[in-house]
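Asks: Under the working numbering, the very last position in the sequence shown is 226; numbers go up by exactly one each time. Shown below is the structure under consideration.
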Amino acid sequence: MEIELKLLIATEDVAAFCALPLLQQHAIAAPESQDLFSTYFDTPALHLKQHRSALRVRKAGALWIQTYKGGGSVAAGLHQRHEWECEVAGPQIALDQLLPLVDNPAARAALELPGLAAQLEAVFTTSFRRTAWQLRLPQGTEVELALDQGVVEAGGRTLPICEIELELKSGQTDELLAFSQALRQAIPLAPSNVSKAQRGFALRFPDRGSSL
Numbered sequence: 015m016e017i018e019l020k021l022l023i024a025t026e027d028v029a030a031f032c033a034l035p036l037l038q039q040h041a042i043a044a045p046e047s048q049d050l051f052s053t054y055f056d057t058p059a060l061h062l063k064q065h066r067s068a069l070r071v072r073k074a075g076a077l078w079i080q081t082y083k084g085g086g087s088v089a090a091g092l093h094q095r096h097e098w099e100c101e102v103a104g105p106q107i108a109l110d111q112l113l114p115l116v117d118n119p120a121a122r123a124a125l126e127l128p129g130l131a132a133q134l135e136a137v138f139t140t141s142f143r144r145t146a147w148q149l150r151l152p153q154g155t156e157v158e159l160a161l162d163q164g165v166v167e168a169g170g171r172t173l174p175i176c177e178i179e180l181e182l183k184s185g186q187t188d189e190l191l192a193f194s195q196a197l198r199q200a201i202p203l204a205p206s207n208v209s210k211a212q213r214g215f216a217l218r219f220p221d222r223g224s225s226l
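Right under this line is the structure:
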């Protein structure tokens with residue numbers, strides 16, 4: 015289960031955020047930046063979206079990584095979702111490599127639709143620069159803090175991405191939430207229940223809603 019907290023940040027506050035003493039205090043290494051390009055796939059009938067799932071291939075450096083997310087919950091910006099991923103040879107989905115990894119029955123059922131692979135098509139893309147800090151909090155909780163800046167693109171339209179994700183790597187959710195509160199006291203940040211996938215679907219199909 016992936017557990018992460020999503021916070022929106024204004025572009026004009028990014029420089030101040032990156033210079034926060036809180037980050038320097040808890041970082042166990044210098045931040046690293048990487049350009050990430052992702053393509054999200056679904057069927058023409060949006061089969062995966064209807065099953066509250068998202069399927070993408072992301073280019074990260076020389077690697078192609080496919081990721082499948084499904085189920086879970088979200089409240090007050092805290093996203094808890096099942097996630098499976100593996101490397102693939104290129105920009106296309108490889109369901110035969112993904113299916114053996116998916117151990118949640120409901121999430122697996124969505125991928126077992128007969129003929130799914132032949133129906134999959136690119137729906138939207140995201141392109142952003144991620145700057146990531148590896149943090150260790152006072153009680154030992156380990157967190158990856160990612161600052162993402164870029165765009166969602168779909169149907170000839172774009173939306174900006176400027177957000178922070180705090181992913182719990184190990185330790186206590188309560189300590190993650192307490193740290194996020196300290197960040198919010200230092201910089202204006204707004205919890206967000208809306209994933210990048212939701213934003214992409216809403217941009218591509220504004221008349222169909224964005225539930226995911």
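Virtual Cβ for every residue (Gly too), placed ideally from N, Cα, C. Note that this is a predicted model, so its numbers are computed, not measured.
In angstroms with no decimal places, state the Cα-to-Cα distance between Ala-216 and Leu-115.
Replies: So the alpha carbons of these two residues sit roughly 29 Å apart.
Asks: Going by DSSP, name the residue or residues bridged to Phe-51.
Replies: Answer by DSSP bridge pairing, in chain order: Lys-73 and Ser-141.
Asks: Could you compute how far the alpha carbon of Gln-199 sits from the alpha carbon of Leu-34?
Replies: Cα to Cα, Gln-199 sits roughly 11 Å from Leu-34.
Asks: Pull the bridge partners of Arg-95 from the DSSP assignment, please.
Replies: In the DSSP output, where bridge partners are listed per residue, Arg-95 has Glu-16.
Asks: Can you tell me where the alpha helix (DSSP H) holding Pro-35 begins and where it ends?
Replies: Note, Pro-35: alpha helix (DSSP H), 35-40.
Asks: For Arg-222, which three-state DSSP category applies?
Replies: In this structure, Arg-222 counts as coil in the three-state DSSP scheme.
Asks: Express the C-alpha separation of Thr-155 and Thr-145 in angstroms, rounding to a whole number.
Replies: Taking the straight line from one Cα to the other gives about 20 Å.
Asks: Looking only at its chain, what residues have a beta carbon closer than 7 Å to the beta carbon of Leu-36, apart from the 5 residues adjacent to it on each side?
Replies: Excluding sequence neighbours, Leu-36 sits near Ala-196, Leu-197 and Ala-200.
Asks: Excluding the 5 residues preceding and the 5 following Val-88 in the sequence, name in chain order all residues of the same chain whose CB lies nearer than 6 Å to its CB.
Replies: Counting only Cβ-Cβ distances below 6 Å, and skipping sequence neighbours, we find Asn-207.
Asks: Buried or exposed for Gln-39, going by 16 or more other Cβ atoms inside 10 Å?
Replies: Exposed, because fewer than 16 other Cβ atoms sit within 10 Å of the Cβ of Gln-39.
Asks: Within the continuous beta strand (DSSP E) that includes Ser-184, where are the two ends?
Replies: Taken as a continuous stretch (DSSP letters only), the beta strand (DSSP E) holding Ser-184 covers 171-184.
Asks: Where does Gln-111 land, buried or exposed, given buried means 16+ other C-beta within 10 angstroms?
Replies: So Gln-111 ends up on the exposed side.
Asks: Let me know if Ala-90 comes out buried or exposed under the rule of 16 or more other beta-carbons within 10 Å of its beta-carbon.
Replies: So Ala-90 ends up on the exposed side.
Asks: Quick check on Leu-161: does DSSP put it in helix, strand or coil?
Replies: Reduced to three states, the DSSP call for Leu-161 is strand.
Asks: Just how far apart, CA to CA, sit Thr-25 and Gln-64?
Replies: Computed Cα separation, rounded: 33 Å.
Asks: Comparing alpha-carbon positions, which option in Gln-48, Leu-180, Ala-136 and Ala-103 lies nearest Thr-57?
Replies: Selected option, being the one with the closest Cα: Ala-136.
Asks: How should Arg-143 be labelled, buried or exposed, when 16 other C-beta atoms within 10 angstroms of its C-beta is the threshold for buried?
Replies: Its Cβ having fewer than 16 others within 10 Å, Arg-143 is exposed.
Asks: Can you tell me where the alpha helix (DSSP H) with Leu-109 in it begins and where it stops?
Replies: Where Leu-109 is concerned, the enclosing alpha helix (DSSP H) stretches over 109-112.
Asks: Between Leu-19 and the rest of its own chain, which residues show a CB-CB distance below 6 Å, the 5 nearest in sequence each way excluded?
Replies: Taken in chain order, the residues that qualify are Gly-91, Leu-92, Leu-180 and Ser-194.
Asks: For Ala-131 and Thr-53, what's the separation of their Cα atoms in angstroms?
Replies: Cα-Cα distance, rounded: 15 Å.
Asks: Quick one: what's got a C-beta closer than 7 Å to Pro-174's C-beta in the same chain, skipping five residues either side?
Replies: Taken in chain order, the residues that qualify are Val-165.
Asks: DSSP has Lys-83 in a bridge; who is on the other side?
Replies: Paired residues: Ala-68 and Glu-97.
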